[in-house]
Amino acid sequence: MTQGEHMIGDLTCRADVEALLRRFYGRALVDDLLAEPFTEVREQGLESHLPVMCDFWETVLFGAGKYRGSALRVHQRVRGQHPFGAEHFDRWLALWHQTVDEMYAGPHADRAKVQGAGIATSMNRRLSGLPSMAAEALRLGVPTSVPPA
Numbered sequence: 000m001t002q003g004e005h006m007i008g009d010l011t012c013r014a015d016v017e018a019l020l021r022r023f024y025g026r027a028l029v030d031d032l033l034a035e036p037f038t039e040v041r042e043q044g045l046e047s048h049l050p051v052m053c054d055f056w057e058t059v060l061f062g063a064g065k066y067r068g069s070a071l072r073v074h075q076r077v078r079g080q081h082p083f084g085a086e087h088f089d090r091w092l093a094l095w096h097q098t099v100d101e102m103y104a105g106p107h108a109d110r111a112k113v114q115g116a117g118i119a120t121s122m123n124r125r126l127s128g129l130p131s132m133a134a135e136a137l138r139l140g141v142p143t144s145v146p147p148a
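Going by numbering that gives the first Met the number 0, the first residue of the sequence shown is number 0, and it counts up by one from there.
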């Protein structure tokens with residue numbers, strides 16, 4: 000390790016999940032492609048969205064059992080107001096992977112990326128019936144770069 004580098008630890012608790020989500024949404028909410036689907040989150044404020052997302056990711060990563068909602072129903076409602084498709088899921092996933100990789104490394108970080116890819120792929124298929132090529136590649140572990148917005 001060179002001077003100025005530091006060890007990146009794994010996701011271990013809700014505080015780690017919250018830090019990840021804050022950085023991720025800090026990017027997604029102002030991303031040229033993702034801004035429109037995230038209009039409601041921006042208008043209501045991240046603080047109103049963050050507890051639900053922390054519950055969701057704590058459940059996905061650590062089996063916390065805190066999330067009881069339906070992510071599909073939420074996305075169906077948003078899609079009715081702000082149409083989005085595979086390119087949006089691809090961008091979401093690329094930003095997700097980039098943010099996870101910048102902040103964390105380890106089994107839970109890997110799980111966050113794998114689960115993110117599976118969720119993006121499944122959500123896209125269930126909403127549109129069409130596959131997302133980038134999401135599918137990331138789910139299968141094929142390296143991709145962050146597509147331009």
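Even for Gly, the Cβ is constructed at its ideal location relative to N, Cα and C.
From what residue to what residue does the alpha helix (DSSP H) around residue i run?
i, result
"Val51", "Leu45 to Phe61"
"Lys112", "Pro106 to Ser127"
"Leu67", "Here the sequence assigns Arg to residue 67, which means Leu is not the residue at that position. From DSSP, Arg67 is part of no alpha helix (DSSP H); its letter is neither H nor E."
"Phe88", "Ala85 to Met102"
Quick check: what's the CA-CA separation for residue i versus residue j?
i, j, result
"Phe28", "Glu46", "A quick correction: the sequence has Leu, not Phe, at residue 28. Distance between the alpha carbons of Leu28 and Glu46 is about 13 Å."
"Pro36", "Arg13", "25 Å"
"Val60", "Arg110", "A quick correction: the sequence has Leu, not Val, at residue 60. Approximately 7 Å between the Cα atoms of the pair."
"Asp89", "Ala119", "8 Å"
"Tyr66", "His87", "24 Å"
"Ala108", "Glu42", "29 Å"
"Asp15", "Gly84", "29 Å"
"Lys112", "Gln97", "9 Å"
"Ser127", "His48", "24 Å"
"Pro50", "Leu20", "10 Å"
"Gly64", "Leu32", "32 Å"
"Asp54", "Gly25", "18 Å"
"Gly44", "Gly62", "27 Å"
"Leu10", "Arg125", "29 Å"
"Phe23", "Val99", "8 Å"
On the premise that residue j lies in contact with residue i, defined as a C-beta separation below 8 Å, what is that separation, rounded to the nearest angstrom?
i, j, result
"Met102", "Ala18", "7 Å"
"Leu94", "Asp30", "7 Å"
"Gly105", "Gly8", "7 Å"
Assign residue i to buried or exposed, taking buried as 16 or more other Cβ atoms, counted over all protein chains shown, within 10 Å of its Cβ.
i, result
"Glu57", "buried"
"Thr38", "exposed"
"Gly68", "exposed"
"Gly115", "buried"
"Glu4", "The predicted position of Glu4 is uncertain, since its pLDDT is 45 and thus under 50; a value taken from the coordinates is nonetheless stated next. Flag for Glu4 reads exposed."
query: Which runs of the alpha helix (DSSP H) fall wholly inside the stretch 2 to 34 and span at least 4 residues, in chain order?
result: With a minimum length of 4 residues, the continuous alpha helix (DSSP H) runs that stay inside the stretch 2 to 34 are 13 to 27.
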